[in-house]
Amino acid sequence: MITQTEQVAALSRDRMYTDAPASNHELLVSVVIDNYNYGRFLRAAIESALGQTYHNLEVIVVDDGSTDDSRAIIETYSDRITAILKENGGQASALNAGFAQCHGDVVIFLDSDDLLLPDTARRVIEAFEANQGIAKVMYRTEIIDALGERTGVVKPAHYLPMRSGDLRRHVLAFPFDMTWMATSGNAFAAPILRQIFPIPERVYGKVGADWYLCHTTPLFGVVLFLHDVGAYYRVHGSNGYEVSSISLPQIRETIRFMRDTNVYIKQFADQLGIADRPARPDDILSVSYIASRVVSLKFDRLRHPIKEDRIVRLLAYGAAATFRRFDVSLPMKLIFLLWFAAMALGPRPLAWWLAKKFFFPESRAQFNGLLEMLHHD
127 MITQTEQVAA LSRDRMYTDA PASNHELLVS VVIDNYNYGR FLRAAIESAL GQTYHNLEVI
187 VVDDGSTDDS RAIIETYSDR ITAILKENGG QASALNAGFA QCHGDVVIFL DSDDLLLPDT
247 ARRVIEAFEA NQGIAKVMYR TEIIDALGER TGVVKPAHYL PMRSGDLRRH VLAFPFDMTW
307 MATSGNAFAA PILRQIFPIP ERVYGKVGAD WYLCHTTPLF GVVLFLHDVG AYYRVHGSNG
367 YEVSSISLPQ IRETIRFMRD TNVYIKQFAD QLGIADRPAR PDDILSVSYI ASRVVSLKFD
427 RLRHPIKEDR IVRLLAYGAA ATFRRFDVSL PMKLIFLLWF AAMALGPRPL AWWLAKKFFF
487 PESRAQFNGL LEMLHHD
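Numbering-wise (this note's numbering), the sequence shown opens with residue 127 and increments by one.
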C-alpha cells in the first residue's frame with residue numbers, strides 16, 4: 127500500500143474540516159440552478175427549489191447563454207430568485223458564476239432538468255446541524271422521464287455501498303471506485319467550496335464539473351450519505367451521461383475526467399498535508415479507471431487516449447488496483463481479477479459482454495444480490 131494512504135490512515139481527526147456552519151442560527155441554504163436551453167424543464171426545477179419546506183433559502187438561477195425561452199421563464203420569477211444571465215461558457219462557468227453570488231452556509235447545485243423533493247433542504251440542514259465537520263451530504267435520486275413520470279429506478283442501486291465518514295484514505299487509494307452522486311444529489315458546505323472554487327473551466331468545460339466537486343470535497347471533511355431520495359433525476363434523451371449501451375467516446379471522456387481530476391485530488395491533498403507525492407495521473411489505481419482503459423483499448427485501439435497502454439500491462443495494473451481495495455472482501459477481489467483476465471485475454475464477443483455487465487449493473491440483476499454481500503470486507 128502506498129505511503130500516502132498509510133499516512134492518511136494515521137492522521138488524527140484534528141486535520142479534518144472543523145469550520146462547520148454554526149448551529150446557533152438558522153442556516154441559509156443556497157440552491158444554484160444551472161441552465162442551458164432546458165426551458166421545457168426549467169420552470170419545474172425552479173418551483174421545486176422555491177417549494178422547499180425549509181424556508182431560510184435563496185434560489186439563484188444561472189442561464190448560460192440559452193437561445194430558447196429560458197430567459198422569459200426566468201423573468202417571471204424575478205421577484206423570488208436571483209437571476210444571472212451570461213454568455214455560454216459551459217457547466218463549470220455557470221456554477222462558478224452562481225457560487226460567486228451565494229450567501230448560504232450550505233449549497234445545492236441543481237441541474238435545470240432535475241427536481242428537488244420538498245423536504246430535501248430541511249433534511250440536509252438537519253444532517254449538518256447534527257454532525258460537525260461535514261464537507262458534503264449526498265442523497266439518493268430517483269429517475270423520472272421527460273414528462274416527469276417516476277420510473278421507480280433509484281440511484282445508487284441498493285446493492286452498492288453508500289459510505290459515510292472520513293473517506294480521505296479511500297479517495298487517495300482508489301478515488302473513483304466509491305459510490306458518488308451526480309450534481310443534483312449533493313449538498314456542500316459553503317466554507318469547503320470557497321477552498322476549491324473556482325472550478326477550472328479549461329478542464330471542465332461543457333460538462334464534467336461534478337467530477338471535480340464530488341471527488342475533491344471529501345478531502346476537506348466528513349461525508350454523510352442519506353438513504354432517502356432527495357432529488358428526481360430526469361432522463362430525457364439529451365443527458366450527457368445517460369446512455370443505454372456502451373459508448374466508447376464516453377468511456378474515453380471518462381478516462382480524461384479521471385486523469386484530470388486526480389491531479390486536483392493530489393494538489394489539494396498536498397495542500398492539506400495528507401499526501402507526500404506530487405500529482406501524477408499515472409498514479410491512479412482505481413478498478414473503474416483501469417477497467418475503462420481496458421475497454422477503450424480492447425475495442426478502439428486507434429482512438430484510445432493513452433498510447434503507451436498494452437493489454438498485458440493493463441492486466442497487471444488491474445491486479446494492483448484490485449488489491450488496493452481494502453474496502454471489499456477477498457471473494458470480491460477474485461471477481462475483479464477474473465474480470466480483468468477475461469477482458470484482457472478473452473475473445474472480443476466475450477469481452478463486450480463483460481464490459482456491458484461492468485458498466486450497466488442493471489444487466490446483471492440476478493448477480494447483484496451476491497455482489498452486495500461481497501462488497502463488504
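In this text, a Cβ means the ideal position worked out from N, Cα and C, and glycines have one as well.
Residues near residue i by beta carbon distance below 6 Å, same chain, minus five either side
{"i": "Val420", "result": "Leu440, Met469"}
{"i": "Thr246", "result": "Gly356"}
{"i": "Ala272", "result": "His362"}
{"i": "Asp231", "result": "Pro147, Leu153, Leu154, Ala316"}
{"i": "Phe351", "result": "Met264, Met288, Ser290"}
{"i": "Asn150", "result": "In this prediction, Asn150 scores a pLDDT of 45, lower than 50, which makes its location untrustworthy; the coordinate-derived value is nonetheless stated afterwards. Nothing meets the Cβ criterion."}
{"i": "Ala135", "result": "With a pLDDT of only 33 at Ala135, under the threshold of 50, the placement of this residue in the model should not be trusted, and no figure is reported."}
{"i": "Tyr162", "result": "Asp190, Ser192"}
{"i": "Pro282", "result": "Thr305"}
{"i": "Val279", "result": "Ile269"}
Residue closest to residue i, alpha-carbon to alpha-carbon, out of the options
{"i": "Asp160", "options": "Ile200, Gly177, Met458", "result": "Ile200"}
{"i": "Gln178", "options": "Arg295, Val157, Ala198", "result": "Val157"}
{"i": "Pro287", "options": "Trp306, Gly278, Ile269, Pro301", "result": "Trp306"}
{"i": "Ser192", "options": "Gly259, Arg382, Val413, Asn214", "result": "Asn214"}
{"i": "Glu327", "options": "Leu398, Leu293, Gly278, Asp386", "result": "Asp386"}
{"i": "Ile260", "options": "Val279, Arg266, Thr380, Arg294", "result": "Arg294"}
{"i": "Lys332", "options": "Gly216, Thr343, Ala223, Trp465", "result": "Gly216"}
{"i": "Glu173", "options": "Val438, Asn182, Ser238", "result": "Ser238"}
{"i": "Trp479", "options": "Leu398, Asn182, Ile461, Ser371", "result": "Ser371"}
{"i": "Val349", "options": "Arg320, Ala308, Asp292, Leu398", "result": "Asp292"}
{"i": "Leu471", "options": "Lys433, His229, Ile437", "result": "Ile437"}
{"i": "Ala223", "options": "Val187, Ser204, Arg249, Asp194", "result": "Val187"}
{"i": "Arg166", "options": "Asn182, Asp194, Leu183", "result": "Asp194"}
{"i": "Tyr330", "options": "His284, Thr380, Pro344, Tyr285", "result": "Thr380"}
{"i": "His229", "options": "Arg248, Asn182, Lys433", "result": "Asn182"}
8 Å Cβ cutoff met for residue i and residue j
{"i": "Met218", "j": "Lys262", "result": "Going by the sequence as given, residue 218 is Ala instead of Met. Cβ distance not < 8 Å, so Ala218 and Lys262 don't count as in contact."}
{"i": "Leu476", "j": "Phe425", "result": "no"}
{"i": "Thr208", "j": "Gln227", "result": "yes"}
{"i": "Leu242", "j": "Leu236", "result": "yes"}
{"i": "Asp396", "j": "Ser310", "result": "no"}
{"i": "Leu411", "j": "Ala446", "result": "yes"}
{"i": "Tyr338", "j": "Ile318", "result": "no"}
{"i": "Phe394", "j": "Ile322", "result": "yes"}
{"i": "His353", "j": "Asp453", "result": "no"}
{"i": "Ser196", "j": "Leu168", "result": "yes"}
{"i": "Asp274", "j": "Ala171", "result": "The identity of residue 274 in the sequence shown is Gly, whereas the question assumes Asp. No. Outside cutoff."}
{"i": "Ile391", "j": "His341", "result": "yes"}
{"i": "Thr267", "j": "Tyr358", "result": "yes"}
{"i": "Phe254", "j": "Gly334", "result": "no"}
{"i": "Tyr180", "j": "Ile251", "result": "yes"}
{"i": "Trp465", "j": "Phe484", "result": "yes"}
{"i": "Asn336", "j": "Ala299", "result": "One detail in the question is off: residue 336 reads as Asp in this sequence, not Asn. No, they are not a contact pair."}
Residue i - containing alpha helix (DSSP H), residue span
{"i": "Ile200", "result": "196-201"}
{"i": "Gln219", "result": "For the record, residue 219 in the displayed sequence is Ser; it is not Gln. Segment 217-226, the alpha helix (DSSP H) holding Ser219."}
{"i": "Gly165", "result": "165-176"}
{"i": "Ala401", "result": "That residue, Ala401, is in no alpha helix (DSSP H); it is neither H nor E in DSSP."}
{"i": "Phe484", "result": "474-485"}
Residue range of the beta strand (DSSP E) that includes residue i
{"i": "Val250", "result": "No beta strand (DSSP E) holds Val250; the alpha helix (DSSP H) holding it covers 246-256."}
{"i": "Lys281", "result": "276-281"}
{"i": "Ile210", "result": "208-212"}
{"i": "Glu184", "result": "183-190"}
{"i": "Ile410", "result": "From DSSP, Ile410 is part of no beta strand (DSSP E); its letter is neither H nor E."}
{"i": "Ser156", "result": "155-161"}
{"i": "Asp237", "result": "232-237"}
Contacting residues, own chain, Cβ-Cβ under 8 Å from residue i (five flanking each side not counted)
{"i": "Arg206", "result": "Leu176, Val185"}
{"i": "Asp435", "result": "Arg419, Leu423"}
{"i": "Lys459", "result": "Thr448, Phe449, Arg451"}
{"i": "Leu463", "result": "Gly444, Ala445, Thr448"}
Contacting residues, own chain, Cβ-Cβ under 7 Å from residue i (five flanking each side not counted)
{"i": "Phe486", "result": "none"}
{"i": "Arg378", "result": "Ser422, Arg429, Pro431"}
{"i": "Ser414", "result": "Phe302, Asp303"}
{"i": "Leu211", "result": "Asp189, Arg197"}
{"i": "Ile416", "result": "Leu440, Tyr443, Gly444, Ala447"}
{"i": "Thr277", "result": "Ile269, Ile270, Asp271"}
{"i": "Asn109", "result": "This structure cannot settle anything about residue 109, because the visible part of the chain is limited to 127 through 503."}
Check: residue i C-beta below 7 Å from any heavy atom of the ligand ZN
{"i": "Leu345", "result": "Ligands are entirely absent from the displayed structure, and the ligand ZN is therefore not among its contents."}
Practice problem: Please specify which runs of the beta strand (DSSP E), each continuous and at least 3 residues long, are wholly inside the region 335-384, giving them in chain order. | Solution: 348-360
*asked:* What ranges does the alpha helix (DSSP H) occupy inside the region 421-463, keeping only unbroken runs of at least 4 residues that lie completely in it?
replied: 437-450
### Query
Along the chain, which unbroken stretches of the alpha helix (DSSP H) at least 4 residues long are found entirely within the region 268-328?
294-299, 316-322
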